[in-house]
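Only one structure is covered here, and it is reproduced in the block below.
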Amino acid sequence: MTDLDAARWLFGTSLAFHILFAAVGVAMPVLMVLAEWRGRRARSAVHLELARRWAKGTAILFAVGAVSGTVIAFELGLLWPRFMAFAGPIIGMPFSLEGFAFFAEAIFLGIYLYGWERVSPRLHLASGVLVAASGALSAFFVTLANAWMAHPAGFDLVLGRPASLRPLEAMFPPGWAHEVVHVLLSCYAATGFAVAGIHAFFLRRAPGHAFHRAALGIALAVGGGAALLQPLSGDFSARELARTQPVKLAALEGHFETRRGAPLHVGGLPDADARVTRWALEIPRGLSLLAFHDPDAEVKGLSEFPREVWPDPLKVHLAFQVMVGLGTAMAALALVALGLAWRARAVPGHPLFLLAVTAAGPCGFVALEAGWLVTEWGRQPFTIWGVMRTAEAVTPVPNLAVAFWAFAALYLFLGAMVALLLWRQILRAPPAPGSPESPRGAAP
Amino acid sequence: MTPADLLAGAVLAALVCYALSGGADFGGGIWDLLASGPRKREQRDLVEHAIGPIWEANHVWLILVVVVLFTGFPPAFAAVSTTLFVPLTLLLVGIVLRGAAFTFRSHGDSRDAVQARWGLLFSGSSVLAPLLLGACVGAIASGRLRVTAEGMPRSSPGAWLGPFPVAAGAFACALFAFLAAVYLAVEARGALQEDFRRRALGAGAAVFLGAAACALLSWREAPIVFAGLTSRGWSLPLQVATGAAAAGAFAALFRRRYGLARLAAAAQVGLIVLGWGASQHPYLVVPDLTIEAASAPRATQVPLLWALGIGAATLIPSLWLLFRVFKGRTAGSPGGT
């Protein structure tokens, strides 16, 4: 393992790990606030108990997200000091604002988790709303920085160095809007489906259990709503990518030759040497239609660009297919849920439906990780597209493999512990339908 | 006052806040490790109760420091990240394990054996983190770290390790333990309060020894710190003020005036961090990077200052609310004061 590989593996592992908790930190507060709001408005003890239990789970996940996020902040410098020396002054703005958003999130989460008996119901609920809002704001700012890496803006390049910096312009680079919308929706969809999956699993064992039904209702509303909006956001992204990052679009679609009326490849394996995507289901004119909303539009292929700026089309295409496939399945399931709920005027409880929701539980997070890989692999071989290669950004410090294996072991351990703890939490759900247990909740 | 000076001041101010809040959380972990006597369990419960709602918010000060550093002083961030790779990586392991283990203990299995295992991990990493943090500060101030103008290392990856950084690490542990013991004495009642009073006095003595050791070592090992302690224009007033705060904290602890002790101890710790910052002014990384040389363009620093101002305007009332809810007069037992 070269030091560059070790640095990429370490940073990739850290981000892949952190992203799960970050996404939960964005979306879980929305679920728990909705539960508390329902509980207070409808005087529903079940919903209030649900809010407390969700809050406990959130406490564990948020703490791991906070510390793993700290690792990322330091690793930016530990692994990529040359990238940060170049980019820090240009994109430090969104990072600084993210710092404050994270501050607000941590402060109000503290009040929410430990304040059930200490603050008024109104302030408690307001704190939850602020946690949800600042969580979304954090994701917004961080995604802005990521969007800049794919489409750097707000500076001039003079002899390899940045000059005439315009940080506000850099904060909103071309394509920022679609990435932000897509990321936020993915957080809600992934978390909503994961939570729905867990409660659907228990509902199958105890049909009609009021606690799990209430949970499933809220989780499906949030996750399903986001999953239904995500294809629209995906369409927006595709059109923006065609305009702002044509190489990435060509790679993720496995599209090699520039042509009008380009087909869409569903599945298949791109072969970069032969410049062809094999074994794909081709939908005639599909890509032109998706990328430009015009079946005859010209879509640039990878061959249009020098080989040394290509990302690996095989990896990017496969990750993209996983994301789109799972996203589509989730949207379809959300549609079914909507239909069933409409007909029954209640949270659907059909065993087959519950089975499908249980099975779909992990899909959102797999799709989210795959989508993140599309963005990161799709930007290679660059760290800052067209400006700095990943190999130029890496630290001169040797023996990075040691750090990689140490952190990999640490994350594995933490991941296993979190899973175990959450599993115990969930198993301790209230026994009888609707009976509020004594609030062991978030009291320290 | 250039924007760069203001930003460097903001970094120092954030570090003071981190020492006073996050530092005390590490100190709480140290007392968890050193819990002893008939009220062992109560001591640990108090630590958990005291830091539970606030440690995550307190921890964000450190992230703010990192962010302002890489935005406003990119070569300094590169310099610190490359030359301190080993201690910073270990610090991260400590930070991750501290936070995760604390949360797992608070929300996990309540069986004693499991609790004890997480407790050990939490308290052990609460010692590791300040030790390394202090060592990093000591290494930066000592002039052992040599870098190019871009912040790329010229010294070996092991250059950070030396007597002064080690002493600074131990000093940081003593300082945070002292601060935490004073804070905890304020929140405790009865016999538990006496426990932490004794601990605060003991840790205060350790702080004194640590300060003396650092001062002696700095003569040879960190000349810029030694000059700050002895021969700069502000050296004497700062020394007197720090000494007065320390004496005040001791006197207040003796007389069981805990609220006053908290104020004096916080002033003492704040002045020590300020003293370090003033000593190494105008260097960010002694002796190769000054504030001016490491500055990002003005076009970055001015908007960053605005962002910090806007951020502070939202942060201060939020923090005030957090501390009023959990540390204010009306906060329920065993909080209070």
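The listed protein sequences derive, respectively, from chains Y and R. 201 is the number that my numbering gives to position 200 of the first sequence; each next residue is one higher, with no gaps. 334 is the number that my numbering gives to position 333 of the second sequence; each next residue is one higher, with no gaps. Glycine included, C-beta positions come from ideal geometry on N, C-alpha and C.
Exposed unless 16 or more other CB atoms sit within 10 angstroms - verdict on residue i
{"i": "residue 307 of chain Y", "result": "exposed"}
{"i": "residue 244 of chain Y", "result": "exposed"}
{"i": "residue 428 of chain Y", "result": "exposed"}
{"i": "residue 282 of chain Y", "result": "exposed"}
{"i": "residue 294 of chain Y", "result": "exposed"}
{"i": "residue 2 of chain R", "result": "exposed"}
{"i": "residue 450 of chain Y", "result": "Summary: the structure shown does not reach residue 450 of chain Y, with chain Y confined to residues 2 through 445, and so no result is reported for it."}
{"i": "residue 414 of chain Y", "result": "exposed"}
{"i": "residue 255 of chain R", "result": "exposed"}
{"i": "residue 231 of chain R", "result": "exposed"}
{"i": "residue 59 of chain R", "result": "buried"}
{"i": "residue 82 of chain Y", "result": "buried"}
{"i": "residue 83 of chain R", "result": "buried"}
{"i": "residue 317 of chain R", "result": "exposed"}
Continuous alpha helix (DSSP H) stretch holding residue i: start and end
{"i": "residue 192 of chain Y", "result": "177–206"}
{"i": "residue 239 of chain R", "result": "236–255"}
{"i": "residue 108 of chain Y", "result": "82–115"}
{"i": "residue 125 of chain Y", "result": "122–151"}
{"i": "residue 162 of chain R", "result": "Element bounds for residue 162 of chain R: n/a, residue is neither H nor E."}
{"i": "residue 286 of chain R", "result": "First-last for residue 286 of chain R: 284–286, but that is the beta strand (DSSP E), not the alpha helix (DSSP H)."}
{"i": "residue 19 of chain Y", "result": "4–42"}
{"i": "residue 121 of chain R", "result": "113–143"}
{"i": "residue 208 of chain R", "result": "191–222"}
{"i": "residue 289 of chain R", "result": "Careful: residue 289 of chain R lies outside any alpha helix (DSSP H) and carries neither H nor E."}
{"i": "residue 272 of chain R", "result": "259–281"}
{"i": "residue 169 of chain Y", "result": "168–172"}
Pairwise C-alpha distance: residue j and residue i
{"i": "residue 16 of chain Y", "j": "residue 114 of chain Y", "result": "26 Å"}
{"i": "residue 218 of chain Y", "j": "residue 346 of chain Y", "result": "11 Å"}
{"i": "residue 242 of chain R", "j": "residue 248 of chain R", "result": "10 Å"}
{"i": "residue 90 of chain R", "j": "residue 30 of chain Y", "result": "31 Å"}
{"i": "residue 225 of chain Y", "j": "residue 195 of chain Y", "result": "11 Å"}
{"i": "residue 92 of chain Y", "j": "residue 311 of chain R", "result": "17 Å"}
{"i": "residue 200 of chain Y", "j": "residue 47 of chain R", "result": "35 Å"}
{"i": "residue 284 of chain Y", "j": "residue 264 of chain Y", "result": "5 Å"}
{"i": "residue 127 of chain R", "j": "residue 85 of chain Y", "result": "29 Å"}
{"i": "residue 117 of chain Y", "j": "residue 359 of chain Y", "result": "31 Å"}
{"i": "residue 297 of chain Y", "j": "residue 291 of chain Y", "result": "11 Å"}
{"i": "residue 6 of chain Y", "j": "residue 207 of chain R", "result": "45 Å"}
{"i": "residue 78 of chain Y", "j": "residue 75 of chain R", "result": "9 Å"}
{"i": "residue 209 of chain R", "j": "residue 177 of chain Y", "result": "53 Å"}
{"i": "residue 199 of chain R", "j": "residue 217 of chain R", "result": "27 Å"}
{"i": "residue 385 of chain Y", "j": "residue 238 of chain R", "result": "49 Å"}
Residue i, enclosing beta strand (DSSP E) - first and last residue
{"i": "residue 278 of chain Y", "result": "277–279"}
{"i": "residue 164 of chain Y", "result": "162–164"}
{"i": "residue 236 of chain Y", "result": "That residue, residue 236 of chain Y, is in no beta strand (DSSP E); its alpha helix (DSSP H) goes 211–245."}
{"i": "residue 272 of chain Y", "result": "270–272"}
{"i": "residue 282 of chain Y", "result": "282–284"}
{"i": "residue 159 of chain Y", "result": "157–159"}
{"i": "residue 305 of chain R", "result": "Per DSSP, residue 305 of chain R belongs to no beta strand (DSSP E); it is in the alpha helix (DSSP H), 299–328."}
{"i": "residue 12 of chain R", "result": "Note, residue 12 of chain R: premise wrong, no beta strand (DSSP E); alpha helix (DSSP H) at 4–19."}
Interface flag, residue i vs chain B, CB-CB below 8 Å
{"i": "residue 286 of chain R", "result": "Among the protein chains in the structure shown, which are Y and R, there is no chain B."}
- Item | Start-end ranges of the beta strand (DSSP E) lying completely within the region 41–97 of chain R, minimum 3 residues | none
- Between the region 176–190 of chain Y and chain R, which residues of the former have CB atoms less than 7 Å from a CB of the latter, in chain order? none
- Message: Quick check for students: name the residue ranges of the alpha helix (DSSP H) that lie wholly in the region 286–365 of chain Y, counting only runs of 4 or more.
- Response: 287–293, 314–345 and 352–361
- Which parts of the region 362–436 of chain Y are runs of the beta strand (DSSP E), unbroken and 3 residues or longer, counting only runs that do not cross its ends? 383–385
- Query: For the region 40–52 of chain R, which residues have a CB atom closer than 8 Å to at least one CB atom of chain Y, in sequence order?
  - Reply: 49 and 50
- Query: the region 116–129 of chain Y: which residues have C-beta closer than 8 Å to a C-beta of chain R, in chain order?
  - Reply: 116, 118, 119 and 120
- Chain-ordered residues of the region 58–75 of chain R with a beta carbon less than 8 Å from chain Y: 58, 60, 61, 63, 64, 65, 67, 68, 69, 71, 72, 73 and 75
- Contacting positions in the region 384–405 of chain Y - beta carbon closer than 8 Å to chain R: 396, 397, 398, 399 and 404
- Task: Mind checking the region 308–331 of chain R against chain Y and listing, in chain order, the residues whose C-beta falls within less than 9 Å of any C-beta there?
- Result: If the cut-off is 9 Å between Cβ atoms, the region 308–331 of chain R has 308, 309, 311, 312, 313, 315, 316, 319, 320, 322, 323, 326, 327 and 331 near chain Y.
- Task: Select from the region 42–69 of chain Y all residues with a C-beta closer than 8 Å to any C-beta belonging to chain R, and list them in chain order.
- Result: 57, 60, 61, 63, 64, 65, 67, 68 and 69
- Going along the chain, which residues of the region 82–97 of chain R sit with their C-beta nearer than 7 Å to a C-beta in chain Y? 82, 83, 86, 89, 90, 93, 94, 96 and 97
- For the region 15–37 of chain R, which residues have a CB atom closer than 8 Å to at least one CB atom of chain Y, in sequence order? none
- Going along the chain, which residues of the region 10–36 of chain Y sit with their C-beta nearer than 7 Å to a C-beta in chain R? none
- Given a limit of 8 Å on CB to CB distance, which residues of the region 133–144 of chain Y reach chain R? none
- Message: By the 9 Å beta-carbon criterion, what residues does the region 274–289 of chain Y contribute toward chain R?
- Response: none
- Query: Going along the chain, which residues of the region 132–156 of chain R sit with their C-beta nearer than 7 Å to a C-beta in chain Y?
  - Reply: Residues passing the 7 Å Cβ filter: 151, 152, 153 and 154.
- Between the region 88–108 of chain Y and chain R, which residues of the former have CB atoms less than 7 Å from a CB of the latter, in chain order? 89, 90, 93, 94, 96, 97, 98, 100, 101, 103, 104, 105, 107 and 108
- Query: Given a limit of 9 Å on CB to CB distance, which residues of the region 207–227 of chain Y reach chain R?
  - Reply: none
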